[in-house]
Amino acid sequence: MMKETDTIKDFHSRVAETVNQIKATGDVMEERKIVERILRSLSSKFEHIVTVIEETKDLANLPMSELMGSLVAHEQRMSRFTKPPLEQAFSSKVNMAESKYAKSEQGQRGGKSQGRGRGRSNYRGNNRQNYQQQRSGYTGSSCIICKKVGHATKDCRFKCTKCKIQNHSQRDCWFQNKQEDGELSGTKNEESNMVALSCLNGEQKSQLPWMVDSGCSNHMTGDLESFTDIDDKYRSQVKLGNGKKLKVEGKGTVVVCTEEGNKTLIRDVLYVPELTLNLLSVGQLMLKNYKLLFDNGVCEIINKADNFMVAKVPMNSNKIFSLAMSQNGEVAFKSENLDQSFLWHLRYGHLNFKGLKLLKQKNMVVGLPQINREDKICEGCIYGKMHRLPFPKTSGRAKAPLELVHADICGPTRTQSLSGKRYFLLFVDDFTRMMWVFFLEQKSEAFPKFLQFQVVAEKESGHQIKTLRTDRGGEFIYTPFMEYCRNNGIKRQLTVRYTPQQNGVAERKNRTIVEMARSMLKAKKLPNKLWAEAVNTTIYILNRSPTKAVRNKTPIHAWHHRRP
1 MMKETDTIKD
11 FHSRVAETVN
21 QIKATGDVME
31 ERKIVERILR
41 SLSSKFEHIV
51 TVIEETKDLA
61 NLPMSELMGS
71 LVAHEQRMSR
81 FTKPPLEQAF
91 SSKVNMAESK
101 YAKSEQGQRG
111 GKSQGRGRGR
121 SNYRGNNRQN
131 YQQQRSGYTG
141 SSCIICKKVG
151 HATKDCRFKC
161 TKCKIQNHSQ
171 RDCWFQNKQE
181 DGELSGTKNE
191 ESNMVALSCL
201 NGEQKSQLPW
211 MVDSGCSNHM
221 TGDLESFTDI
231 DDKYRSQVKL
241 GNGKKLKVEG
251 KGTVVVCTEE
261 GNKTLIRDVL
271 YVPELTLNLL
281 SVGQLMLKNY
291 KLLFDNGVCE
301 IINKADNFMV
311 AKVPMNSNKI
321 FSLAMSQNGE
331 VAFKSENLDQ
341 SFLWHLRYGH
351 LNFKGLKLLK
361 QKNMVVGLPQ
371 INREDKICEG
381 CIYGKMHRLP
391 FPKTSGRAKA
401 PLELVHADIC
411 GPTRTQSLSG
421 KRYFLLFVDD
431 FTRMMWVFFL
441 EQKSEAFPKF
451 LQFQVVAEKE
461 SGHQIKTLRT
471 DRGGEFIYTP
481 FMEYCRNNGI
491 KRQLTVRYTP
501 QQNGVAERKN
511 RTIVEMARSM
521 LKAKKLPNKL
531 WAEAVNTTIY
541 ILNRSPTKAV
551 RNKTPIHAWH
561 HRRP
């Protein structure tokens, strides 16, 4: 919060410092949030100007430079009424100096008859120069923005050369400070993902212990061999304390061993080839749920999860906390007591226990121990061998024509047919596998097409439709459609949601028809708008083709009782 005694410039400096600290941790702050926070944090004397800004300005698009310029101008405007006007005092002193100068010059003019020439002229010139210096001295200080005399700072018309806004100079420009903050924090800059670092690097690599560094924002090392795994595609930059920037060429995990024998996994370690120090970031350790206690010349690193003492780092003679650790190639990350049967189950690629027992009983291999089946659950088998149970078979096939009819709609197609159709409706008789097809512009035409199919099929076969099996599409559960079937004794079988297997006859026929029609079109390089003609031809051909459902007959032979 802004104090009552603070000026806008003082408050702005504190805000800029806080924003820089937040950005240095890797967080990104939008300018809109900073503007809103500043308006909420101003003191009570700025309450009315805050209300005006919130009502008249779009805070989402209000630049920080414009806000600070408005607040500074308002503060200077209020200072006219709360403080004595210094410019009036300056002007009164200047008037006194001018009157003194006028009297002095009158005296010189009165004595000019005593002597003419170069001496009088030089005296007047020197006197005017003294007056200018005296006048400049009376002002006390020049304008702090343009460094000129003759006007107050609040009346300065000088524009900043950076943002082209009045009432401040380039060195106080918020826009320039914003860019510098971006360079420090690494946001919205050409050199993205900058990391602040307080240590300098040497010219040659050396195997050094890990330094506990509170000025380092990330763990980093220059030793590539210390990584157990590394993402070499990760790229960033590190900014050193002397302003030099080093390239980050990877990020990974380092396994280290302390002198006490404790094995530690350090994650998110940056690989900086030019860095000669191994650095442990205090901030990153704290984010990873570690607690660091500095007391009596020792730094204790404690894991807060289980209150386990990870390491004690003594302070050396250079007042540096260096942790002596060595890389160990053979590290056990996890140990577990496995029984031999389950161990060989894993070694054999999760082979079932029955197969393992058979190997032992028949002596098919040498060295396999006795396998005992246990009720232990193997998660790898659960995830890797998961499958869907086979779909239950139906009660049986139809015993006569039209006893069961399968129906389904296919579409919409990408291209309209020559007559503007986008769908086709397929009917399949379960007993003979005879097929009928109707072409639709919209799905709502399914009910009228069913009435046409019913008349044709029942007249040709001499049988009546007993059961109609469809999915739960809106065109099939249409209320008039359902009432018509109920009134005419047609049983409706609707599939369960997301279970097309229950209407598999129509679903598979749709695929067969589409593939056959597409093949004919592509073979002769015909346009896709002829798809309806190709589907109609496909139905004609399939009705005269063999099928497994009807032995030694084609569907049209089984339907009409004569060979085509």
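Per the UniProt record's numbering, the sequence shown starts with residue 1, numbered consecutively.
Beta carbons are placed, not taken as given, at the ideal position from N, Cα and C, and that holds for glycine.
Going by the CB atoms, is the gap between residue j and residue i shorter than 8 Å?
i	j	result
Ser-281	Cys-216	yes
Phe-447	Phe-424	no
Thr-467	Ala-558	no
Lys-376	Leu-368	no
Glu-249	Asp-268	no
Pro-209	Ser-317	no
Leu-285	Leu-279	no
Glu-75	Ile-8	yes
Pro-273	Gly-297	no
Asn-510	Leu-389	no
Phe-391	Gln-464	no
Leu-59	Arg-40	no
Leu-536	Val-437	The identity of residue 536 in the sequence shown is Asn, whereas the question assumes Leu. Yes; because the gap between Cβ atoms is below 8 Å, this pair is in contact.
Gln-416	Lys-529	yes
Ile-38	Val-19	no
Hey, could you find the ends of the beta strand (DSSP E) residue i is sitting in?
i	result
Met-309	308-314
Met-211	210-213
Ile-377	No beta strand (DSSP E) contains Ile-377, which DSSP labels as neither H nor E.
Asn-536	It is not in any beta strand (DSSP E) - Asn-536 instead sits in the alpha helix (DSSP H) that spans 531-542.
Ser-281	278-281
For residue i, is the classification buried or exposed, using 16 other Cβ atoms within 10 angstroms of its Cβ as the cut-off for buried?
i	result
Lys-399	exposed
Val-428	buried
Tyr-271	buried
Ser-206	Reliability of the predicted coordinates at Ser-206 is poor, the pLDDT of 41 falling under 50, and no value is obtained from them.
Lys-319	exposed
Asn-552	exposed
Gln-452	exposed
Gln-21	exposed
Lys-23	buried
Asp-181	Reliability of the predicted coordinates at Asp-181 is poor, the pLDDT of 44 falling under 50, and no value is obtained from them.
Met-1	exposed
Ile-556	buried
Phe-46	buried
Asn-503	buried
Leu-346	exposed
Thr-512	exposed
Lys-83	The predicted position of Lys-83 is uncertain, since its pLDDT is 49 and thus under 50; a value taken from the coordinates is nonetheless stated next. Its Cβ having fewer than 16 others within 10 Å, Lys-83 is exposed.
Ala-311	buried
Ser-236	buried
Pro-480	exposed
Leu-246	buried
His-350	exposed
Phe-308	exposed
Thr-538	buried
Thr-5	exposed
Would you mind reading off the limits of the alpha helix (DSSP H) that contains residue i?
i	result
Gln-454	446-461
Lys-509	504-523
Gln-340	340-347
Ile-49	47-56
Pro-555	555-560
Asp-10	8-24
Gly-355	353-361
Between the options, which lies nearest to residue i when the distance is taken from Cα to Cα?
i	options	result
Leu-275	Gly-241, Lys-304, Leu-356, Glu-47	Gly-241
Ala-407	Pro-564, Phe-481, Ala-506	Ala-506
residue 575	Pro-63, Lys-45, Ser-44, His-219	There is simply no residue 575 to check, as the chain begins at 1 and stops at 564 in what is shown.
Cys-470	Ile-490, Leu-343, Lys-459, Glu-458	Note on identity: in this sequence residue 470 is Thr, with Cys being the wrong assignment. Residue Ile-490 is the option with its Cα nearest to Thr-470.
Trp-531	Tyr-348, Ser-419, Ile-230, Asp-295	Ser-419
Leu-277	Asp-229, Asn-296, Ile-266, Asp-213	Asp-213
His-12	Glu-54, Val-28, Ser-70, Arg-518	Ser-70
Phe-450	Glu-441, Met-434, Phe-476	Phe-476
Glu-460	Tyr-478, Met-434, Gly-474, Arg-414	Met-434
In this structure, what does DSSP give as the bridge partners for residue i?
i	result
Ile-301	Leu-292, Ala-311
Trp-436	Phe-427
Leu-265	Val-255
Cys-410	Phe-424
Phe-227	Val-254
Met-29	BP columns for Met-29 are empty, so no partner.
Thr-467	Lys-491
Tyr-271	Thr-221
Thr-547	Val-550
Val-405	Asp-429, Leu-468
Leu-323	Trp-210
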